[in-house]
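J.: Attaching a single structure in structure tokens format; questions to follow.
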Amino acid sequence: AISHKLPKLVEQTDIKGDLHIHSSFAIDPSHDLGKNSIEEMVSQAKKLKYEYIGLSEHNPSISKHNSGQIYSLIARRNENIEQIKSSTKNIRIFKLLEIDILSNGKLAVDHKSLSILDGAIVSIHSSFAMSRDKMTKRVIHGLSHPKAKILAHPTGRLINQRVGYELDFDKIFDFCKKNNKALEINSWPTRLDLPDTLIMEAVKNNIKLVVNTDSHAVWQMDLMKYGVAMARRGWAKKNDILNTLGYNDFNEWLKM
């Protein structure tokens, strides 16, 4: 602005896919199950002219299942995705999962189960009152697994319901930059997380971002516009947002 040049900010038409999608597949999740089938979510993604989506149901409940049962549930869901992929044209499907980062920093899914995923979105859903230092170490530990690629709703805030937990974002940014991790801009209206101020800091630090809807139903996939609006408020450009990449380039990043 000082040099009389405004950046060309990301636009909704730049978005090539949504990576945070919960279907109704019976994976007995730790948190809420989606309302619509995988087929219905894929069909909606086609209507939105996406190149790809990521199926990322919550991990199976660790209080109800042992590691072997969790592996079987994930494998069964993956088989279902493969069947759908074989009969689906013009869109690619990533086999992801939204996985809890436990209070000790470990992921709620073990290495064997993670190995059959294309990647994982990791997030905090419990023990919010930890100190800034402990929560930061917890998040970094959770993101350290090679399959853990995206930190979902990074501050944990719920607008007018819950303040976010304390994190040292300088350390989070530094870790993400060195290890090819991304931070989510969650489009859900009561989340809008990352907030715009942190998006601006992330952009300044060349941290990669992903705009997702966290959809648990078909209609929620239209909420992408709110995440894009947040990205724009944080002055994010197209090249700051990973899911503006085409399928091949995004897949290459996912495998880094």
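One point on numbering: in the numbering used here, the residue at position 77 of the sequence shown is 991, and numbering is uninterrupted. The beta carbon of each residue, even a glycine, is placed where N, CA and C say it ideally should be. Predicted model only: the values in this text are computed from it and were never measured.
Output the distance between the C-alpha atoms of leucine 1137 and threonine 1127, rounded to the nearest integer angstrom.
T.: Using only the alpha carbons, I get a separation of about 6 Å.
J.: Am I right that leucine 962 and isoleucine 1064 are in contact with their C-beta atoms under 8 Å? What's the rounded C-beta distance?
T.: Contact doesn't hold; Cβ gap of about 20 Å is too wide.
J.: Span of the beta strand (DSSP E) holding isoleucine 1035?
T.: That run of the beta strand (DSSP E) goes 1034 to 1037.
J.: Taking only the alpha-carbon atoms, compute the straight-line gap between glutamate 1080 and valine 1023 and give it to the nearest angstrom.
T.: Roughly 24 Å between the two C-alpha positions.
J.: Looking at C-alpha atoms only, which residue of Ser937, Arg1146, His1130 is the closest neighbour of valine 1124?
T.: Cα-wise, what sits closest to valine 1124 is Arg1146.
J.: May I have the straight-line CA-CA distance separating methionine 1099 from proline 1109, to the nearest angstrom?
T.: A small fix is needed here, since residue 1099 is isoleucine in this sequence, not methionine. So the alpha carbons of these two residues sit roughly 8 Å apart.
J.: Rounded to whole angstroms, how far is the Cβ of glutamate 965 from the Cβ of isoleucine 1005, which I believe are closer than 8 Å?
T.: The pair is a contact, with the Cβ atoms about 7 Å apart (cut-off 8 Å).
J.: Ordered along the chain, which non-local residues of its own chain (more than five positions away) have a Cβ less than 8 Å from that of aspartate 942?
T.: Excluding positions up to five away in sequence, the list reads Pro974, Ser975, Lys978, His979, Leu987.
J.: With which residues is lysine 1151 paired in a DSSP beta bridge?
T.: The partner list for lysine 1151 (beta bridge, DSSP) reads Leu923.
J.: Go to aspartate 942, then tell me how far its alpha helix (DSSP H) extends in each direction, as first and last residue.
T.: Taken as a continuous stretch (DSSP letters only), aspartate 942 belongs to no alpha helix (DSSP H), as it is neither H nor E.
J.: Looking at the secondary structure, which residues open and close the beta strand (DSSP E) in which valine 1124 lies?
T.: Per DSSP, valine 1124 belongs to the beta strand (DSSP E) from 1123 to 1126.
J.: CA-CA distance, aspartate 1084 and threonine 1050?
T.: Straight-line Cα distance between these residues: approximately 10 Å.
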